[in-house]
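In my numbering, the protein residues as written are 495 to 758.
Ideal placement from N, C-alpha and C gives every residue a C-beta, glycine not left out.
Notes follow once the structure below has been shown.
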């Protein structure tokens, strides 16, 4: 009877040892899972923090210490506003209004644009004026008239060098955020093939200087409604209307695309 009792107690002791070992193993496993979970949560928080802290052009302008934002539009007849319904609804002014709402700051628009001009005969001579304005944001819109002169080595070479110079001067001479804009054409327009060549160069320069390029072909290509103008005389711009320049719908879409770009 005593032998059986002794064996019984030994078995109980072994069982207790086994149970304790299993419990410790379970606790260790739980601790490891807990550490992994905490580590994963920490990494997720870091990733979310990086995502939420991404700087955009709009957030940079909004977070600046300046109470007033100066926006310069350097370009040709598109930036002038042909053929918006009013000067207040041209894309540059709409864009300035969007910036004002998005930053809660006053935005001053300086429109340095002239119809029929190129980066060579207008952009380059006027770049110092833009620099002197001490702008916070600049849109550079050339190539449409440049492309009409052809893709030969002389004209294309002048455009390439001079656009590069304009961008370089603005970038080095100001603290401004810069947006490059591609060419404009009606669908099936006379110079559409040339535009492709010039647009490629604009995109190359944008990549070189790490500047966003606003691709206007995403608006006009395949959509004749954005260049549909009546043949009347524009009292606003003192010129006969045509079917080449953007109408009010075209200007609305350009302004929207510009604002979308500064939000990315």
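In angstroms, rounded to a whole number, what distance separates the CA positions of residue i and residue j?
{"i": "residue 752", "j": "residue 589", "result": "7 Å"}
{"i": "residue 569", "j": "residue 710", "result": "14 Å"}
{"i": "residue 637", "j": "residue 609", "result": "12 Å"}
{"i": "residue 739", "j": "residue 586", "result": "15 Å"}
{"i": "residue 660", "j": "residue 596", "result": "28 Å"}
{"i": "residue 611", "j": "residue 644", "result": "15 Å"}
{"i": "residue 724", "j": "residue 717", "result": "17 Å"}
{"i": "residue 646", "j": "residue 654", "result": "12 Å"}
{"i": "residue 734", "j": "residue 578", "result": "13 Å"}
{"i": "residue 635", "j": "residue 618", "result": "12 Å"}
{"i": "residue 701", "j": "residue 548", "result": "19 Å"}
{"i": "residue 686", "j": "residue 559", "result": "43 Å"}
{"i": "residue 758", "j": "residue 550", "result": "6 Å"}
{"i": "residue 671", "j": "residue 632", "result": "6 Å"}
{"i": "residue 650", "j": "residue 674", "result": "17 Å"}
{"i": "residue 699", "j": "residue 556", "result": "27 Å"}
{"i": "residue 658", "j": "residue 750", "result": "26 Å"}
{"i": "residue 582", "j": "residue 703", "result": "31 Å"}
{"i": "residue 580", "j": "residue 719", "result": "18 Å"}
{"i": "residue 708", "j": "residue 652", "result": "22 Å"}
Does residue i pass the burial test, meaning 16 or more other C-beta atoms within 10 Å, or should it be called exposed?
{"i": "residue 629", "result": "buried"}
{"i": "residue 692", "result": "buried"}
{"i": "residue 656", "result": "buried"}
{"i": "residue 543", "result": "At residue 543 the pLDDT is 48, less than 50, meaning the model places this residue with poor confidence and gives no usable figure here."}
{"i": "residue 683", "result": "buried"}
{"i": "residue 669", "result": "exposed"}
{"i": "residue 592", "result": "buried"}
{"i": "residue 648", "result": "exposed"}
{"i": "residue 639", "result": "buried"}
{"i": "residue 562", "result": "exposed"}
{"i": "residue 575", "result": "buried"}
{"i": "residue 607", "result": "buried"}
{"i": "residue 571", "result": "buried"}
{"i": "residue 573", "result": "buried"}
Go ahead and pull the three-state DSSP assignment for residue i.
{"i": "residue 728", "result": "strand"}
{"i": "residue 719", "result": "helix"}
{"i": "residue 570", "result": "coil"}
{"i": "residue 564", "result": "strand"}
{"i": "residue 645", "result": "coil"}
{"i": "residue 550", "result": "coil"}
{"i": "residue 734", "result": "strand"}
For residue i, I'd like the list of residues in its chain whose CB is within less than 6 Å of its CB, leaving aside the five on either flank, ordered along the chain.
{"i": "residue 689", "result": "641, 677, 679"}
{"i": "residue 746", "result": "none"}
{"i": "residue 663", "result": "621"}
Apart from the five residues on each side of it in sequence, which residues of its chain come closer than 8 Å, Cβ to Cβ, to residue i?
{"i": "residue 754", "result": "none"}
{"i": "residue 604", "result": "564, 565, 566, 567, 624, 627, 629"}
Leaving out five residues before and five after residue i in sequence, what residues of the same chain have Cβ atoms less than 7 Å from its Cβ?
{"i": "residue 748", "result": "585, 710, 713, 740"}
{"i": "residue 726", "result": "735"}
Within 8 Å of any Cβ in chain B, is that where the Cβ of residue i sits?
{"i": "residue 646", "result": "Of the chains in the structure shown, none is chain B; there is only one protein chain."}
- Inside the stretch 653 to 723 only - alpha helix (DSSP H) runs reaching at least 4 residues: 686 to 702, 711 to 714
- Task: Starting from the N-terminal side, write out each stretch of the beta strand (DSSP E) that is 3 residues or longer and does not extend beyond the stretch 574 to 618.
- Result: 600 to 607
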